[in-house]
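**Q** One structure, as structure tokens, below. Some questions next.
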Amino acid sequence: MNAKPKIYIPRPNFPQVIERLQSHFEVVHNQADQEVLREQFLAQASLVDGLLTTGSDVINGELLKVCPGLKICANMAVGFNNFDLDAMTRAGVLATNTPDVLTETTADFGFALLMACSRRLVESEHFLRDQQWKQWRFDLLAGQDVHGTTLGIIGMGRIGQAIAKRASKGFDMKVLYHNRSQLPASTENDCGARWVELAELLAQSDHVMLALPYSREAHHMIGARELAMMKPGGHLINIARGGLIDEEALVDALASGHLGGFALDVFEGEPKINPRLLTQKKVVLTPHIASSTLQTRLKMSNLAADNLISFFAHRKAITPLNPQVLEF
Ligand code: GLV
Numbered sequence: 000m001n002a003k004p005k006i007y008i009p010r011p012n013f014p015q016v017i018e019r020l021q022s023h024f025e026v027v028h029n030q031a032d033q034e035v036l037r038e039q040f041l042a043q044a045s046l047v048d049g050l051l052t053t054g055s056d057v058i059n060g061e062l063l064k065v066c067p068g069l070k071i072c073a074n075m076a077v078g079f080n081n082f083d084l085d086a087m088t089r090a091g092v093l094a095t096n097t098p099d100v101l102t103e104t105t106a107d108f109g110f111a112l113l114m115a116c117s118r119r120l121v122e123s124e125h126f127l128r129d130q131q132w133k134q135w136r137f138d139l140l141a142g143q144d145v146h147g148t149t150l151g152i153i154g155m156g157r158i159g160q161a162i163a164k165r166a167s168k169g170f171d172m173k174v175l176y177h178n179r180s181q182l183p184a185s186t187e188n189d190c191g192a193r194w195v196e197l198a199e200l201l202a203q204s205d206h207v208m209l210a211l212p213y214s215r216e217a218h219h220m221i222g223a224r225e226l227a228m229m230k231p232g233g234h235l236i237n238i239a240r241g242g243l244i245d246e247e248a249l250v251d252a253l254a255s256g257h258l259g260g261f262a263l264d265v266f267e268g269e270p271k272i273n274p275r276l277l278t279q280k281k282v283v284l285t286p287h288i289a290s291s292t293l294q295t296r297l298k299m300s301n302l303a304a305d306n307l308i309s310f311f312a313h314r315k316a317i318t319p320l321n322p323q324v325l326e327f
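Oh and the sequence shown: position 253 is 252 in numbering that gives the first Met the number 0, straight run, nothing missing.
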């Protein structure tokens, strides 16, 4: 009997998914709530045929060099900027991700952040818990409206579109979007959204939401210049990747009074947080949890597991990112 392929899961995951994987593979997993050191990750990865990664596990030339037996990395994330896809393809390593299953949940959270920062929800709760509430006041923690205002969405993939629908249909918002390519008219109608240049989006929107994939070209695409182009009192929400925003410029724009507030679920050096972000009041900061409902995270975990199982059983994958690898 052939030995089972070996897989490594470097971060905690659902016990039922690990159990399912154990019936197909020899599984090494880390259930500790402590990130494994890079050297340890490389050492474990060098011993296995497959990895179940997350967006925080970097798969690059350094790793591929020491993992000649590696055949597949199944990312439990839709974003895959942690993968050097070209290097993986050259090394014959299949990459997969988890699209679709997290779209609506992530859009819900983007909207939650938009509402929370516009209405100063977190600041208000701190105010109350700190026992600062003395009386009803006409301007107490006054925020900005969401309904009937203009939302600018940068990145109009599946998640951007789901956010646009919530905004246009549920909150009667005017929705502008900027994307590399304009969507077909029928999709734009469905989303109630109109394509504009980035400069126009920044100038016209009361709230700007980032929902685009990170790439080297998009690094710090929102910096001091772009923030200055936003409407005074505007809000910026990021549910995509931290590296899209220059965090120093963001704090400066808030401190100067130009921005009304911001909400971030993702950070450039996460899980480390720029200490200046922590000192700001009109902000909402969450630990990369936009897709985190148990239902959705379980779907993501099962899809990553299905990709591993299908690859080793049939040399097929459900959501491959570099399917050309399967042709060799
Ligand atoms: C989360 O950030 C994801 O890419 O799924």
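The C-beta atom is built at its ideal place from N, Cα and C for all residues, glycine as well.
Determine the direct distance from the alpha carbon of Gly147 to that of Asp171, and round the result to whole angstroms.
**A** Start at 1 with the first residue of the sequence shown, and residue 171 comes out as number 172. Start at 1 with the first residue of the sequence shown, and residue 147 comes out as number 148. Between Asp171 and Gly147, the C-alpha separation is close to 5 Å.
**Q** Once DSSP output is grouped into helix, strand and coil, what is the label at Gly78?
**A** Along the sequence shown, one-based indexing puts residue 78 at 79. Three-state DSSP puts Gly78 in coil, outside helix and strand.
**Q** May I have the straight-line CA-CA distance separating Lys173 from Gly233, to the nearest angstrom?
**A** Counted from its first residue, the sequence shown places residue 173 at position 174. Counted from its first residue, the sequence shown places residue 233 at position 234. Going by the C-alpha atoms only, they are around 15 Å apart.
**Q** Using CA atoms only, rank isn't needed, just tell me which of Val121, Thr292 and Arg136 is closest to Asp129.
**A** Taking the sequence shown and counting its residues from 1, one reaches residue 129 at position 130. Taking only the C-alpha atoms, the option nearest Asp129 is Val121.
**Q** In the DSSP assignment, what residue or residues form a beta bridge with Cys116?
**A** Against the sequence shown, residue 116 aligns to sequence position 117. The partner list for Cys116 (beta bridge, DSSP) is empty, contrary to what the question assumes.
**Q** CB-CB under 7 Å to Ser300, same chain, minus the five flanking residues each way: which ones, in chain order?
**A** Within the sequence shown, residue 300 is the residue found at index 301, counting from 1. These residues qualify, in order along the chain: Asn12, Phe13, Val16 and Met75.
**Q** Looking only at its own chain, which residues have a Cβ that is under 7 Å from the Cβ of Pro162, when we skip the five neighbours before and after it?
**A** As a working mapping, residue 162 is identified with position 163 in the sequence shown. Sequence inspection shows Ile at residue 162; the Pro mentioned does not correspond to that position. Contacts found: Ala106, Gly109, Phe110, Ile152, Met208 and Ala210.
**Q** Assuming His206 and Ser117 make a contact with CB atoms under 8 Å, what is their CB distance in whole Å?
**A** By 1-based counting over the sequence shown, the position of residue 206 is 207. By 1-based counting over the sequence shown, the position of residue 117 is 118. Confirmed, about 7 Å.
**Q** When the Cα atoms are used, what is the spatial distance from Ile236 to Ala44?
**A** In the sequence shown, the residue the question calls residue 236 occupies position 237. In the sequence shown, the residue the question calls residue 44 occupies position 45. Looking at the two C-alpha atoms, the distance is approximately 35 Å.
**Q** Whose CA, out of His218, Gln181 and Gly242, lies closest to the CA of Asn273?
**A** The sequence position of residue 273 within the sequence shown is 274, counting from 1. Comparing Cα-Cα distances from Asn273 to each of His218, Gln181 and Gly242, the minimum goes to Gly242.
**Q** So, Lys168 versus Gly154, is the Cβ gap smaller than 8 Å?
**A** To locate residue 168, count along the sequence shown from 1; it is residue 169. To locate residue 154, count along the sequence shown from 1; it is residue 155. Their beta carbons are not under 8 Å apart, which means Lys168 does not touch Gly154 by this criterion.
**Q** DSSP three-state label for His287, please.
**A** Looking up residue 287 in the sequence shown gives position 288. Coil, per DSSP.
**Q** How about Val77: is its Cβ closer than 7 Å to a heavy atom in ligand 1?
**A** Here residue 77 refers to the residue found at position 78 when the sequence shown is read from its first residue. Yes, the beta carbon of Val77 sits closer than 7 Å to at least one heavy atom of ligand 1.
**Q** My parser needs the alpha helix (DSSP H) runs of 4 or more residues fully inside the stretch 43-115; what are they?
**A** As far as the stretch 43-115 is concerned, its whole alpha helix (DSSP H) runs of at least 4 residues are 60-65 and 84-89.
**Q** Quick check: is any heavy atom of ligand 1 less than 7 Å from the C-beta of Ser309?
**A** Your numbering for residue 309 matches position 310 in the sequence shown. No, the beta carbon of Ser309 sits no closer than 7 Å to any heavy atom of ligand 1.
**Q** So what's Ala184 in DSSP terms, helix, strand or just coil?
**A** Start at 1 with the first residue of the sequence shown, and residue 184 comes out as number 185. Note: Ala184 maps to helix in three-state DSSP.
**Q** Which partner residues does Lys5 have in the DSSP bridge list?
**A** Along the sequence shown, read from residue 1 onward, the residue named residue 5 stands at position 6. Looking at the DSSP assignment, Lys5 forms a beta bridge with Glu25.
**Q** Taking the beta carbon of Leu296 as the centre, do at least 16 other beta carbons fall within 10 Å, making it buried, or is it exposed?
**A** Taking the sequence shown and counting its residues from 1, the one referred to as residue 296 is at position 297. Checking the displayed sequence, the identity of residue 296 turns out to be Arg instead of Leu. Buried, by the Cβ-count rule.
**Q** With DSSP collapsed to three states, give me the class of Gly260.
**A** By 1-based counting over the sequence shown, the position of residue 260 is 261. In this structure, Gly260 counts as strand in the three-state DSSP scheme.
**Q** Could you tell me the distance, in whole angstroms, from the CA atom of Phe24 to the CA atom of Asn80?
**A** Sequence index remark: in the sequence shown, residue 24 carries index 25 (1-based). Sequence index remark: in the sequence shown, residue 80 carries index 81 (1-based). If you take the alpha carbons of Phe24 and Asn80, they lie about 27 Å apart.
**Q** Are the stretch 311-321 and the stretch 77-91 in contact at 8 Å, needing three or more beta carbon pairs?
**A** Output reads yes: the stretch 77-91 touches the stretch 311-321.
**Q** What three-state label does DSSP hand Gly169 in the structure shown?
**A** Taking the first residue of the sequence shown as 1, we reach residue 169 at position 170. Three-state result, Gly169: helix.
**Q** Have a look at His28, Val47, Ala141 and Tyr213 and flag the residue whose alpha-carbon is nearest the alpha-carbon of Phe82.
**A** Taking the sequence shown and counting its residues from 1, the one referred to as residue 82 is at position 83. Ranking His28, Val47, Ala141 and Tyr213 by Cα distance to Phe82 puts Tyr213 first.
**Q** Which same chain residues end up closer than 6 Å to Leu197 when comparing Cβ atoms and leaving out the 5 residues on each side of it in sequence?
**A** Taking the first residue of the sequence shown as 1, we reach residue 197 at position 198. So the list reads His177, once near-sequence residues are dropped.
**Q** Taking one C-beta from the stretch 63-77 and one from the stretch 307-314 each time, how about it: are there three or more such pairs within less than 8 Å?
**A** Touching, yes.
**Q** Can you grab the Cα-Cα spacing for the pair Thr104 / Ala115, in whole Å?
**A** Indexing the sequence shown from 1 puts residue 104 at position 105. Indexing the sequence shown from 1 puts residue 115 at position 116. Taking the straight line from one Cα to the other gives about 16 Å.
**Q** Rounded to the nearest angstrom, what separates Ile317 and Ala304 at their Cα positions?
**A** Counting from 1 along the sequence shown, the entry for residue 317 is found at position 318. Counting from 1 along the sequence shown, the entry for residue 304 is found at position 305. Between Ile317 and Ala304, the C-alpha separation is close to 10 Å.
**Q** For Val92, which option in Asp48, Gln279 and Arg119 has the closest C-alpha, if you only look at C-alpha atoms?
**A** Your numbering for residue 92 matches position 93 in the sequence shown. Among Asp48, Gln279 and Arg119, the Cα nearest to that of Val92 belongs to Asp48.
**Q** Output the boundary residues of the beta strand (DSSP E) element that contains His313.
**A** Translated into positions along the sequence shown, residue 313 becomes position 314. Segment Leu293 to His313 is the alpha helix (DSSP H) holding His313; no beta strand (DSSP E) there.
**Q** With a Cβ-Cβ cutoff of 8 Å, do Val26 and Ile8 count as a contact?
**A** Sequence index remark: in the sequence shown, residue 26 carries index 27 (1-based). Sequence index remark: in the sequence shown, residue 8 carries index 9 (1-based). The answer is yes: Cβ separation under 8 Å.
**Q** Write down every uninterrupted run of the beta strand (DSSP E) in the stretch 183-260 whose length is 3 residues or greater and which is fully enclosed by it, in chain order.
**A** Taking only runs of at least 3 residues, the beta strand (DSSP E) segments lying wholly in the stretch 183-260 are 192-194, 206-209 and 234-237.
**Q** Based on Cα-Cα distance, which residue from Arg224, Pro270 and Phe40 lies nearest to Asp251?
**A** Here the question's residue 251 lines up with position 252 in the sequence shown. Nearest C-alpha to Asp251: Arg224.
**Q** With hydrogens ignored, establish whether the beta-carbon of Ser290 is closer than 7 Å to any heavy atom of ligand 1.
**A** Stepping through the sequence shown from its first residue, residue 290 is reached at position 291. Yes; taking the cut-off as 7 Å, the Cβ of Ser290 has a heavy atom of ligand 1 nearer than that.
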